[in-house]
Amino acid sequence: MGSHGAGQAARAQRAPRRGAAPDRRVSRARAGRCIGAQTRPATRRRDGRLVVNIGLIGPAPPLRGGIAAHTAGLERALVGLGHRVAVLSYARVYPRLLYPGARVREPGLLAATELIDSLDPASWTRMRRWLEAGGFDRVVVEWWHPIVAPALLAGLPAASSVCVVVHNVVPHEWFPGSRALLRAVLARAQAVVCHSEHVAGELAAIRPRVPARVVPMPPLLDVALVLSRDRGAARERLGLPAGARVVAFAGHVRRYKGVDVLLEAWRRVREKRRDVHLVVAGEDYRPGSLRRRAAGQCDALHVVPRYLSDDELADVVACADCMVFPYLRASQSGLLPVARESGTRVVVSDVGGIGEQVRGYPRAAVVRAGDARRLADAIIRTLASAEEDRSVATRRASQRQHADWNRLARICAGGEGVESPDVEQFMGRKTTPEHGLTPTTSCVVE
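Residue 456 is where the sequence shown ends in this note's numbering, and the numbering goes up by one at each step.
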């Protein structure tokens, strides 16, 4: 994402030191600006739909990554349904040692109160006061890592009607007490939502007080932005030859995403196809390590070693003949629905909920995780398939994207898809599992 200048970027990176006295004057002033518009009770519009007062807790831009994009997308969908929403974000989530890299700002993003510091108990008290002053009918919580559990357990008012959106039951890297911390947070929830049957199964083992509802992950990037791209122009911006076939990987470069397996597979691909180029785009938490690993072993490799703006990410998807998701572990992917809805061919590993996301999609190949030979074979077969006109993924894909977000927003707001719910219906309501995925697949499974 673009920055408004070094000064703002530096201010965006500041986080309170552990044990430092909180700046209550600034925090309370910022909180007050959001609280003022949120103290009205739920009301009905003239068309009979309920306007719910919602506090949305989650990382939000300028924090980076898929969960922040999810928070922003959910906020837009809730507001689009006519609800009043205040977003409570994090001033700091992880210690700097565990989460390197600069925070960056992009114009036009939602306004969020950055109040929560997962490492500062004083901020948890301010969080509770913020929520109590807001008088929210519903509090929606993004859960992706147990490091935020102490803040949530201390900061959520006991009387709140809480919906928890669970992205991961356990984090991708080991963390002590992950399941116990999630179980404690879910004990406070009146509704639980997740994005895959895989995660729902893991949640069932924890035995939350209410069953999880499964809503497929909506695209975390506007599909229309991808469809509007000219492929030739996108390739030129990325420095790719005009006539090349392009394979792309995008997202934070982490070990669990299987990039090392992809690099091993790529050597096999290049032995048989000399016209293909590989793009690996995304911030690597081990700066320079990707190039070092690929040095002298992989040719026709284009590395974009930084966080991508939405426009840049749209270029990567638009230029690709094939997107690769070679994950070793995963719950689900926010970029995979973008590739699917834009009509891009994909090769994915069958881990977690990734395979679920391509059920019924004829342009997908599913391979065993960690198997470089099978991954290479699947990429070669995918590239050999006749290139189809992308115009088949037109306005309909964008309409599906909005429908997915609206469905998630209705459930989080307590409506469960009903146009005009009553407050009494969702306060403390028990939910039932919902599986909207087809039981069969037309994908290639190896």
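Ideal Cβ positions, reconstructed from N, Cα and C, are used throughout, including at glycine.
- Item | Pair within 8 Å by beta-carbon distance, residue 159 and residue 195 | yes
- Message: Give me the DSSP bridge partner(s) of residue 63.
- Response: The partner list for residue 63 (beta bridge, DSSP) reads 94.
- Message: In this structure, how does DSSP classify residue 421 when only helix, strand and coil are distinguished?
- Response: helix
- Item | Rounded C-alpha distance that separates residue 131 from residue 161 | Residue 161 has its alpha-carbon roughly 7 Å from the corresponding atom of residue 131.
- Excluding five sequence neighbours on each side, which residues of the same chain lie with their C-beta closer than 6 Å to the C-beta of residue 365? 376
- Query: Ends of the alpha helix (DSSP H) at residue 135?
  - Reply: In the DSSP annotation of this structure, the continuous segment of the alpha helix (DSSP H) that includes residue 135 starts and ends at 131-144.
- Item | 6 Å Cβ shell around residue 173 - same chain, five flanking residues per side excluded | 150, 201 and 422
- Message: One question on the structure: do residue 286 and residue 254 come within less than 8 Å of each other, judged by their Cβ atoms?
- Response: yes
- Under three-state DSSP, which class holds residue 233? helix
- When the Cα atoms are used, what is the spatial distance from residue 165 to residue 67? 11 Å
- Item | residue 148 in three-state terms, based on DSSP | strand
- Task: Determine the contact status of residue 263 and residue 294, defining contact as a CB-CB distance below 8 Å.
- Result: yes
- Query: residue 239 to residue 382, Cα distance in whole Å?
  - Reply: 31 Å
- In angstroms, rounded to a whole number, what distance separates the CA positions of residue 246 and residue 326? Going from the Cα of residue 246 to the Cα of residue 326 covers about 11 Å.
- Message: Tell me whether the stretch 222-229 and the stretch 341-348 touch, counting them as touching only if at least three CB pairs, one residue from each stretch, are closer than 8 Å.
- Response: yes
- Task: May I ask you to list the residues that DSSP assigns as paired with residue 288?
- Result: 257 and 311
- Query: Mapping DSSP to helix, strand and coil, what is residue 104?
  - Reply: DSSP places residue 104 in coil when its eight states are reduced to three.
- Message: Quick check on the burial criterion: 16 or more other C-beta atoms within 10 angstroms. Buried or exposed for residue 105?
- Response: exposed
- Query: Can you tell me where the beta strand (DSSP E) with residue 124 in it begins and where it stops?
  - Reply: 122-127
- Task: Compare the Cα-Cα distances from residue 182 to each of 340, 175, 69 and 277 and report the closest residue.
- Result: 340
- Which class does residue 382 belong to by DSSP, given the choice of helix, strand or coil? helix
- Query: Where does residue 99 sit, in a helix, a strand or coil, going by DSSP?
  - Reply: Strand, per DSSP.
- Task: Report the rounded CA-to-CA distance for residue 360 versus residue 135, giving the unit in angstroms.
- Result: 42 Å
- Message: Quick check on this structure: which residue in 87, 65 and 78 has the alpha carbon closest to the alpha carbon of residue 420?
- Response: 87
- Taking all protein chains shown into account, decide if residue 336 is buried (16 or more other Cβ within 10 angstroms of its Cβ) or exposed. Its Cβ being crowded by 16 or more others within 10 Å, residue 336 is buried.
- Sort 83, 284, 259 and 128 by Cα distance to residue 156 and report the nearest one. When only C-alpha atoms are compared, the closest one is 128.
- Item | Nearest-angstrom Cα separation, counted from residue 315 out to residue 10 | Nothing can be reported for residue 10: it is not among the residues displayed for the chain, which extend from 11 to 456.
- Item | Burial state of residue 282, where buried means 16 or more other Cβ atoms lie within 10 Å | Classification for residue 282: exposed.
- Message: Let's see if you can read the secondary structure: which residues bound the alpha helix (DSSP H) around residue 189?
- Response: DSSP places residue 189 in the uninterrupted alpha helix (DSSP H) bounded by 188-196.
- Message: Which same chain residues end up closer than 6 Å to residue 322 when comparing Cβ atoms and leaving out the 5 residues on each side of it in sequence?
- Response: Short of 6 Å from the beta carbon of residue 322, and not among the five residues preceding or following it, lies no beta carbon of its own chain.
- Query: To which residues does DSSP link residue 333 through a beta bridge?
  - Reply: The secondary-structure analysis by DSSP pairs residue 333 across a beta bridge with 258 and 356.
- Is DSSP giving residue 184 helix, strand or coil here? coil
- Message: Quick check on the burial criterion: 16 or more other C-beta atoms within 10 angstroms. Buried or exposed for residue 302?
- Response: exposed
- Looking only at its own chain, which residues have a Cβ that is under 7 Å from the Cβ of residue 428, when we skip the five neighbours before and after it? Only weak support exists for where residue 428 lies, its pLDDT of 33 falling under 50; the value from the coordinates is given anyway. Here the set comprises nothing.
- Task: Determine the direct distance from the alpha carbon of residue 204 to that of residue 5, and round the result to whole angstroms.
- Result: No answer is possible for residue 5: the residues shown for the chain start at 11 and end at 456.
- Query: Going by Cα to Cα distance, which pick from 84, 284 and 275 is closest to residue 64?
  - Reply: 84
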